[in-house]
Structure formats: C-alpha cells, structure tokens
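Remarks on the structure that follows.
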Amino acid sequence: MSRNKQLFCSKPFKWFEVSEGKEVGDVYMCCPSWLDTPIGNLQYQSVEEIWNGDKAQQIRRSILDGSFEYCNRSRCPFLQTKTISGPVQEIEDVTDQDLKAAIENELTILPYGPREINCCYDKSCNLSCPSCRTEIIIEMKNKQQILTIQNKINNEALQDAHLLYITGSGDPFGSPFFRKWLQTMRRKDMPNLQKLHLHSNGLLWNPKMWSTIPEEIQQLIKSAEISIDAASAETYAINRRGGNFERLLKNLEFISALRRNGPLEWLGISMVVQENNYLEMPDFVVLGKRFNVDTVYFSQLVNWGTYSEREFYNRAVHLPSHPKYSQFVNLLKKEIFNEPLVYLGNLTEMQHTRPTRKYTKSIVKLLKRALS
Numbered sequence: 002m003s004r005n006k007q008l009f010c011s012k013p014f015k016w017f018e019v020s021e022g023k024e025v026g027d028v029y030m031c032c033p034s035w036l037d038t039p040i041g042n043l044q045y046q047s048v049e050e051i052w053n054g055d056k057a058q059q060i061r062r063s064i065l066d067g068s069f070e071y072c073n074r075s076r077c078p079f080l081q082t083k084t085i086s087g088p089v090q091e092i093e094d095v096t097d098q099d100l101k102a103a104i105e106n107e108l109t110i111l112p113y114g115p116r117e118i119n120c121c122y123d124k125s126c127n128l129s130c131p132s133c134r135t136e137i138i139i140e141m142k143n144k145q146q147i148l149t150i151q152n153k154i155n156n157e158a159l160q161d162a163h164l165l166y167i168t169g170s171g172d173p174f175g176s177p178f179f180r181k182w183l184q185t186m187r188r189k190d191m192p193n194l195q196k197l198h199l200h201s202n203g204l205l206w207n208p209k210m211w212s213t214i215p216e217e218i219q220q221l222i223k224s225a226e227i228s229i230d231a232a233s234a235e236t237y238a239i240n241r242r243g244g245n246f247e248r249l250l251k252n253l254e255f256i257s258a259l260r261r262n263g264p265l266e267w268l269g270i271s272m273v274v275q276e277n278n279y280l281e282m283p284d285f286v287v288l289g290k291r292f293n294v295d296t297v298y299f300s301q302l303v304n305w306g307t308y309s310e311r312e313f314y315n316r317a318v319h320l321p322s323h324p325k326y327s328q329f330v331n332l333l334k335k336e337i338f339n340e341p342l343v344y345l346g347n348l349t350e351m352q353h354t355r356p357t358r359k360y361t362k363s364i365v366k367l368l369k370r371a372l373s
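In my numbering, the protein residues as written are 2 to 373.
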C-alpha cells in the first residue's frame, strides 16, 4: 500500500476529551470506547503537559505509522466507514494544513493546542438511563474537581479551540455546572471558537432555558445531537428512565425551529441499539424525518458498568451470540437504512453480514454454557 493510501485519523491531532473516566479529569484523544488510553489528568496537570505528553505522542505515532495500535477497530464507526468528511481518511485526502504538516514532518509534539474539546467530566443529568447509570446523578460531591477542571479549560484551552462539545457524559442543561457555564460564557474568552456543540436528551431544552444563554453564545451553538433511544413512548419510558416522550416531542419542535431558522446548522438524533428497541429503528428514521434532522445516528450498546455480564449479553443484539442477531442483521438490510440521513456508525459492517442460523445457534449455545 502506498503512503498516500495509508489511513490517517485526525482525532489525536485535534481531540481533547476530559472525562470522568477512571478518575474525574482523565483526558483521552478520542471516545474512550474507541481508544481507551488516558493521556493525563486535568486535575493535576496543565493542558500543555497533557496535550504533548509522552502518552499523547505515542498515540500520535501509532497513527503516523499506520498501525492504529491503540484503537478498537470493532467499536470505532470511523474505521468502519472511512468517509472523506470524517476523521479517518486516506492520507492523500487530508486537506487541513496543520494536519498535513504533522503528517509530512511526522510531528508527535504539536505547535498548537487542542482544537476540539469534549467536556465529559460531569455525569450530572436529569435522567437515569439504564445504559448509562443506575440512578439520577448530580455531581455535588465532585463540585470542586469539576470547577477546577472547568477553569483550566476556560483559561488554558479555549484560546486555540475551534470546537467545544458539551457533553457526552450527562446533559448540558441537567448539569448545574455546565448550565451555569453556558449562561456565563464570554465570546472574548474563545476568540477562535467556530462551533459549540450540545449533546442533550432534549427534555430541558425549551424556549425558557434557551433564553438564559447570552445571545453571543447562542450564535456559536451550531450543532446539536439529541439522544433518544426509542421511537415510541413505551420504549422511551424504559430506555430514558425519568423522561417524558410528549415533552420531548414538544421540545424537538422548538429545537427543529432552531435548525430551520438558526443558529443551528446541523441537528441529529441518536439511538443506542439494543434488544428492546432495534425493531423501532425504521420508525426512528421516520421520527428524524418528521423533525427534519440532518442525521439519524445508530450505535452499539456498550457496557459502562451498569449491567452484569449476563444482562449485557441479553441486551446486546449486535453481538453474533445474541439469539436475535440474525433478525437484527436482516432488519439492517431494509432500504430505509440506505437513505442519506442514516448513519449506522459502528453497526455499518453488520449491514453487510449474512450469518447462518446454524452458526448463530452454536454461538448462543456456547455463551449459555459459559454464563451458567
């Protein structure tokens, strides 16, 4: 394979994800589910110490040499799809000048700070979804750590940042810390910021809440993902514990208007696919069309420690060992999943899988024996 055809991922050269991880403040260069190697902790280190530290350099080197040795290929949706617009692409398709310089000069120490900051260090949320947690969490016991981390991001990282992502760990409005930050941000503290992305369950994102955010910050909120995990009120009540489907639909009308009239330039809805909702996937696409979203995103269920091993395997319909795996794979072949707004992410490879019934049964038998 020629050097130009070698794959390259921009994430470790841009991404700075501050997580609650194994310890509050752990920093990753990608989603921890896809690249589970922390490069430092923002409670105890500066942004610069972490960004160009030894572990960060090792991960960048693994991208530059094409080995991707730190990456989980089965979970990363970008290694499965490899689109020109995504972070994983062939070297010859890279156009960003900073990235081209890093490739050409094999840079592992970067002359610039994090470009994309993902704030996942606060699990506070107004819901207690079973795929994420066992109870509602408001992180008051970690208040000082959270504020320390937030101040470091604000003072040491936002000057160079192009994207600020809030949040992959809870809800930006359900968290008292993220909510207050959004309400008190100043444009002058983030002069190079091009986009503020909100990842929310949508239940608190209504006109009243929106009005509490300064207009200069509202105008930076260019994209949003609303995680839903269901297409019916019955399934929503189970997968989004504590939520109200009718309120969600009402708020989606408002959020959809922000996409139609601005400032939003992209809006997506997402579903973590599992045994109790996979049959609703076609209806979920229809739901996306109803609210004129840009992307309907599906992803694998991950065990974040909330399930026993047995319960996870009972729910994880994307695993070949699951009794309904064949039905799930056949469902993915429906024409609706080939529509432009659908992104199957790390389920993409399964769309082209044809497991035999005999093979699936044998896997199930072995699994039952192992778990008995």
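C-beta: ideal position from N, C-alpha, C; glycine also.
Neighbourhood of residue i by C-beta distance below 8 angstroms, restricted to the same chain and skipping five residues each side
i: Ser47; result: Lys153 and Glu157
i: Ser129; result: Thr135, Glu136, Ile137, Ile138, Arg242 and Gly243
i: Tyr298; result: Glu226, Gly269, Ile270, Ser271, Met272, Tyr344 and Gly346
i: Ile147; result: Val25, Tyr122, Asp123, Glu140 and Phe178
i: Phe255; result: Trp206, Asn207, Pro208 and Trp211
Residue environment, residue i, which counts as buried when at least 16 other CB atoms sit within 10 Å
i: Met351; result: buried
i: Gln328; result: exposed
i: Ser11; result: buried
i: Asn293; result: exposed
i: Ile150; result: buried
i: Glu226; result: buried
i: Ala102; result: exposed
i: His198; result: buried
i: Asp166; result: At residue 166 the sequence reads Tyr, which differs from the Asp that was named. By the neighbour-count rule (16 or more Cβ atoms within 10 Å), Tyr166 is buried.
i: Met191; result: buried
i: Ile214; result: buried
i: Tyr314; result: buried
i: Asp230; result: buried
i: Asn331; result: exposed
i: Glu18; result: buried
i: Tyr71; result: buried
Alpha carbon of residue i to alpha carbon of residue j, nearest angstrom
i: Val28; j: Pro39; result: 5 angstroms
i: Pro13; j: Glu117; result: 10 angstroms
i: Trp16; j: Ser132; result: 25 angstroms
i: Glu276; j: Val303; result: 13 angstroms
i: Glu93; j: Cys32; result: 25 angstroms
i: Glu340; j: Lys334; result: 12 angstroms
i: Lys6; j: Pro115; result: 26 angstroms
i: Gln59; j: Leu159; result: 24 angstroms
i: Ser363; j: Ile222; result: Its pLDDT being 43, under 50, Ser363 is placed unreliably in this model, and the coordinates cannot settle the point.
i: Val287; j: Glu105; result: 45 angstroms
i: Lys53; j: Asn202; result: Note on identity: in this sequence residue 53 is Asn, with Lys being the wrong assignment. C-alpha separation (whole angstroms): 34 angstroms.
i: Gly67; j: Ala162; result: 26 angstroms
i: Phe79; j: Glu21; result: 24 angstroms
i: Phe69; j: Phe246; result: 41 angstroms
i: Ala232; j: Arg316; result: 17 angstroms
i: Glu107; j: Leu43; result: 26 angstroms
i: Ser212; j: His353; result: 46 angstroms
i: Leu194; j: Tyr113; result: 14 angstroms
i: Glu281; j: Tyr45; result: 45 angstroms
Integer Cβ distance of residue i from residue j, believed to fall under 8 angstroms
i: Gln98; j: Thr349; result: The pair is not a contact, with the Cβ atoms about 30 angstroms apart (cut-off 8 angstroms).
i: Ile218; j: Pro283; result: 37 angstroms between Cβ atoms; not a contact.
i: Thr236; j: Asn278; result: 5 angstroms
i: Glu50; j: Gly41; result: 7 angstroms
i: Cys126; j: Gly171; result: 4 angstroms
i: His319; j: Val274; result: 6 angstroms
Chain-order list of residues whose beta-carbon lies under 6 angstroms from that of residue i (same chain, five-residue window excluded)
i: Arg261; result: none
i: Gln220; result: Pro264
i: Trp35; result: Asn73, Arg76 and Cys77
i: Gln1; result: In the structure as shown, the chain starts at 2 and stops at 373, and residue 1 therefore has no counterpart that could be examined.
i: Met210; result: Phe174
Span of the alpha helix (DSSP H) around residue i
i: Trp182; result: Pro177 to Thr185
i: Met282; result: Met282 to Arg291
i: Glu254; result: Phe246 to Asn262
i: Asp99; result: Gln98 to Glu105
i: Phe79; result: Pro78 to Thr82
i: Ala238; result: Ala234 to Asn240
i: Gln7; result: From DSSP, Gln7 is part of no alpha helix (DSSP H); its letter is neither H nor E.
i: Glu117; result: First-last for Glu117: Glu117 to Cys121, but that is the beta strand (DSSP E), not the alpha helix (DSSP H).
i: Val48; result: Val48 to Trp52
i: Lys223; result: Taken as a continuous stretch (DSSP letters only), Lys223 belongs to no alpha helix (DSSP H), being part of the beta strand (DSSP E) at Ile222 to Ser228.
7 angstroms CB neighbourhood of residue i in its chain, flanking five on each side removed
i: Trp182; result: Gln151
i: Gly169; result: Asn119, Cys121 and His200
i: Trp305; result: Cys133
i: Asn155; result: Asp190
i: Arg248; result: Leu204
i: Arg61; result: Pro13, Phe14 and Thr109
Host beta strand (DSSP E) of residue i (start-end)
i: Met272; result: Trp267 to Val274
i: Glu140; result: Looking at the DSSP string, Glu140 is not in any beta strand (DSSP E), and its letter there is neither H nor E.
i: Lys209; result: Element bounds for Lys209: not the beta strand (DSSP E) but the alpha helix (DSSP H), Pro208 to Trp211.
i: Gln90; result: Val89 to Glu91
i: Leu199; result: Lys196 to Ser201
i: Ile167; result: Leu164 to Ile167
i: Tyr29; result: Asp27 to Tyr29
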